[in-house]
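Q: If you count by our numbering, then the sequence shown holds residues 3 to 337, one letter each, in order.
Where is the CB? At the ideal position from N, CA and C, for every residue including glycine.
Below you will find the structure I want to go over with you.
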Amino acid sequence: MTSVEIVSLVVTFIGVASFALVFTILYKTFVSSAIKEIKSGNRDIELIDEAIYEKQEKIKKRKKILSRIKSTLSYIALILVVPLFVFSLINKFQGNTTMIGNKTIMVVASGSMSEKNEANDYLVTNNLNNQFQTYDIILLEKAKSESDIKLYDVVAYKNNEGINVIHRVIKINEDGTFITRGDANNSSDKYSPTYDDIIGVYTSKKINTIGIFVIFLQSAPGIITIISMIYVLVMVDYLSNKMNKVQDDRIEQLGHIIEQINGDNIENLKACFKETIYYKGFEYIFDENGFVDKKEIEDINFLNNSKNKIIKITEDKKLESVNQEEFNINSKEEE
3 MTSVEIVSLV VTFIGVASFA LVFTILYKTF VSSAIKEIKS GNRDIELIDE
53 AIYEKQEKIK KRKKILSRIK STLSYIALIL VVPLFVFSLI NKFQGNTTMI
103 GNKTIMVVAS GSMSEKNEAN DYLVTNNLNN QFQTYDIILL EKAKSESDIK
153 LYDVVAYKNN EGINVIHRVI KINEDGTFIT RGDANNSSDK YSPTYDDIIG
203 VYTSKKINTI GIFVIFLQSA PGIITIISMI YVLVMVDYLS NKMNKVQDDR
253 IEQLGHIIEQ INGDNIENLK ACFKETIYYK GFEYIFDENG FVDKKEIEDI
303 NFLNNSKNKI IKITEDKKLE SVNQEEFNIN SKEEE
């Protein structure tokens, strides 16, 4: 590893780690603040409004569709990223020559086969049009014997420096070695590979551009980035679940209101029914069909009494009855 690569690695690690740390601090602060507000009752009206909103049939259907889309996109991302990351690591440890039976997948790391150089007239004469671009992924097949490698085949081989080269065979020597050249080059390779050096012959099957992700994911900065992303996702999921649990506990405390929002009692009533719930400066009005309206409390007595407790007034016009109930909602500060 060169000094430039080392510096690049250190800078990447510091940058990504700093981002993960700052994001963790900010998100943890946000969650802690939200938990405190929920426990103290400052978000009760917001929770009640959300519960009423989500009970509407149109909203239910829309939320269900959005949830399915979100889940689908998440699965697609996992299906694409995780296998690609695993393949990148395996490919890196195997010297960028992952064997699958007698076939090999390889990422093109240079543009030496991306175009036809005018000096290589044999490309036009023999109508050789199977060029490929940098970062394409190509499929190679292992030649069973030396005689299976023909003139003008594109082969991948490992040179005397241990570097993978993907070039075209332009001459077969009498000693069994091969002269190779990139289609975009005007000179042949200095090293003449033998049959044992050749990894595989190009099958003319390729996947465009995807290789850039493989090269990034198998690099040190890429590995650091992916690990940091996994950490952030796990951290966000953990803190979000913690906040959701506190919110669910608070909603359970507000169950006397939520029960009416859910319509468990209202659906069984056939009389002319009206229920008004007063809480924290707002009144919620329900009838036998569910939620009707929300508005600010005008009655000064209900306004003052609704600051720390729920007041529920049920009117049954058929029975000419009015029933008033009051429920204390204990606010808990975060410990």
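So does residue 191 have its beta carbon nearer than 7 Å to some heavy atom of the ligand MN?
A: Among the ligands in the structure shown, none appear at all, so the ligand MN cannot be discussed.
Q: Contact between the segment 188 to 206 and the segment 149 to 161 is defined here as three or more beta-carbon pairs at a separation below 8 Å; is this criterion met?
A: yes
Q: Roughly how many whole angstroms lie between the Cα atoms of residue 288 and residue 276?
A: By 1-based counting over the sequence shown, the position of residue 288 is 286. By 1-based counting over the sequence shown, the position of residue 276 is 274. Distance between the alpha carbons of residue 288 and residue 276: 6 Å.
Q: Specify the secondary structure class of residue 323 as computed by DSSP and reduced to three states.
A: Within the sequence shown, residue 323 is the residue found at index 321, counting from 1. Here residue 323 sits in strand by DSSP.
Q: Between which two residues does the alpha helix (DSSP H) carrying residue 231 extend?
A: Along the sequence shown, one-based indexing puts residue 231 at 229. That run of the alpha helix (DSSP H) goes 222 to 255.
Q: Looking at the secondary structure, which residues open and close the alpha helix (DSSP H) in which residue 213 lies?
A: Counting from 1 along the sequence shown, the entry for residue 213 is found at position 211. Its alpha helix (DSSP H) spans residues 213 to 219.
Q: Quick check on DSSP: helix, strand or coil for residue 191?
A: In the sequence shown, the residue the question calls residue 191 occupies position 189. Residue state, collapsed to three classes: coil.
Q: For the segment 105 to 171, list the beta strand (DSSP E) runs that are entirely contained and at least 3 residues long, ordered along the chain.
A: 105 to 109, 139 to 143, 156 to 160
Q: Can you find the residues in the same chain that come closer than 6 Å, C-beta to C-beta, to residue 324, ignoring five residues on each side of it along the sequence?
A: Here residue 324 refers to the residue found at position 322 when the sequence shown is read from its first residue. Here the set comprises 317.
Q: Along the chain, where does the alpha helix (DSSP H) that runs through residue 302 open and close?
A: Here residue 302 refers to the residue found at position 300 when the sequence shown is read from its first residue. In this chain, the alpha helix (DSSP H) harbouring residue 302 covers 302 to 307.
Q: Can you tell me whether residue 51 is helix, strand or coil according to DSSP?
A: Working through the sequence shown from its first residue, we reach residue 51 at position 49. Correct three-state label for residue 51: helix.
Q: So which of 180, 156, 242 has the shortest CA-CA distance to residue 204?
A: The sequence position of residue 204 within the sequence shown is 202, counting from 1. Closest by alpha carbon: 156.
Q: Using 10 angstroms around the beta-carbon of residue 295, count the other beta-carbons present and answer buried if the total reaches 16, otherwise exposed.
A: Reading the sequence shown from its first residue, position 293 is the one you call residue 295. Flag for residue 295 reads exposed.
Q: Tell me, to the nearest whole angstrom, how far the beta carbon of residue 308 is from that of residue 281; I am working on the premise that it is less than 8 Å.
A: The residue labelled residue 308 in the question sits at position 306 within the sequence shown. The residue labelled residue 281 in the question sits at position 279 within the sequence shown. With 8 Å as the limit, residue 308 and residue 281 qualify as a contact, their Cβ atoms being about 5 Å apart.
Q: Determine whether the beta carbon atoms of residue 311 and residue 293 lie at a separation below 8 Å.
A: For this step, residue 311 is matched to residue 309 along the sequence shown. For this step, residue 293 is matched to residue 291 along the sequence shown. No, Cβ-Cβ distance for residue 311 and residue 293 is not below 8 Å.
Q: Can you give me the Cβ contacts of residue 212 inside the same chain, cut-off strictly under 6 Å, excluding the 5 residues immediately before and after it?
A: Counting from 1 along the sequence shown, the entry for residue 212 is found at position 210. These residues qualify, in order along the chain: 139.
Q: In the DSSP assignment, find the beta strand (DSSP E) that holds residue 200 and state where it starts and stops.
A: For the purposes of this step, residue 200 is identified with residue 198 of the sequence shown, where counting begins at 1. Segment 200 to 209, the beta strand (DSSP E) holding residue 200.
Q: Going by DSSP, name the residue or residues bridged to residue 288.
A: Taking the sequence shown and counting its residues from 1, one reaches residue 288 at position 286. According to the DSSP secondary-structure assignment, residue 288 is paired through a beta bridge with 277, 293.
Q: So is residue 230 buried or exposed if we call it buried at 16+ other beta carbons inside 10 Å?
A: Counting from one through the sequence shown, the residue named residue 230 turns up at place 228. Classification for residue 230: buried.
Q: Report the residue from 159, 327, 239 whose alpha carbon sits nearest the alpha carbon of residue 30.
A: Translated into positions along the sequence shown, residue 30 becomes position 28. That would be 239, whose Cα lies nearest to the Cα of residue 30.
Q: So what does DSSP say about residue 2, is it helix, strand or coil?
A: This structure leaves residue 2 out entirely; the chain is present only between 3 and 337.
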